[in-house]
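Asker: Residues 687 to 776 in my numbering are what the sequence shown spells out, letter by letter.
Cβ coordinates follow ideal geometry from the N, Cα and C atoms, glycine included.
The structure displayed is predicted, hence computed values, not measured ones.
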Amino acid sequence: MRRQGVVPHTVAPFQLADGRQIDREVGHTWVRVDGREVITLVVFGDEGLEPLLGAYTLEGLLLAPDPVGRRLIPVPGRLMAAMERRLRWV
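#1: List the endpoints of the continuous beta strand (DSSP E) containing residue 713.
#2: Going residue by residue through the stretch 723–753, where are the continuous alpha helix (DSSP H) segments of at least 4 residues, counting only ones entirely within it?
#3: Measure the C-alpha to C-alpha separation of residue 731 and residue 716 and round it to an integer number of angstroms.
#4: Where do the N-terminal and C-terminal ends of the beta strand (DSSP E) with residue 698 fall, by residue?
#5: What is the DSSP secondary structure of residue 689, reduced to helix, strand or coil?
#6: For residue 745, is the classification buried or exposed, using 16 other Cβ atoms within 10 angstroms of its Cβ as the cut-off for buried?
#7: Just to confirm before moving on: does the CB-CB distance between residue 710 and residue 698 stay below 9 Å?
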């Protein structure tokens, strides 16, 4: 990501599935898929690992992974709908 001009702006703690806590650099960038753009956090990991789209990025682009077809498919935005409902009551 650094080669693409994405730079970290802070360090944050993350808890791994096995319970260990690690510190990682965090930045942000815009992601465009099929003409739609969303801003997303970038968590910097070990060099050479494939980049992954995070849950908020997938939600913002209304995409979900299809593990059988190994592709991204369009879906309704559950998180955004929940946030809209919550904001209406505030």
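Answerer: Put simply:
#1: The residue labelled residue 713 in the question sits at position 27 within the sequence shown. In this chain, the beta strand (DSSP E) harbouring residue 713 covers 707–719.
#2: Those alpha helix (DSSP H) runs which fall completely within the stretch 723–753 and span 4+ residues are 741–746.
#3: On the sequence shown, residue 731 is found 45 positions in, with the first residue counted as 1. On the sequence shown, residue 716 is found 30 positions in, with the first residue counted as 1. When rounded, the separation of the alpha-carbon atoms in residue 731 and residue 716 is 18 Å.
#4: Here residue 698 refers to the residue found at position 12 of the sequence shown. For residue 698, the enclosing beta strand (DSSP E) covers residues 696–701.
#5: By 1-based counting over the sequence shown, the position of residue 689 is 3. Reduced to three states, the DSSP call for residue 689 is helix.
#6: Reading the sequence shown from its first residue, position 59 is the one you call residue 745. A residue is called buried when at least 16 other Cβ atoms come within 10 angstroms of its Cβ; residue 745 meets this threshold and is buried.
#7: Here residue 710 is taken as the residue at index 24 of the sequence shown, counted from 1. Here residue 698 is taken as the residue at index 12 of the sequence shown, counted from 1. Yes; because the gap between Cβ atoms is below 9 Å, this pair is in contact.
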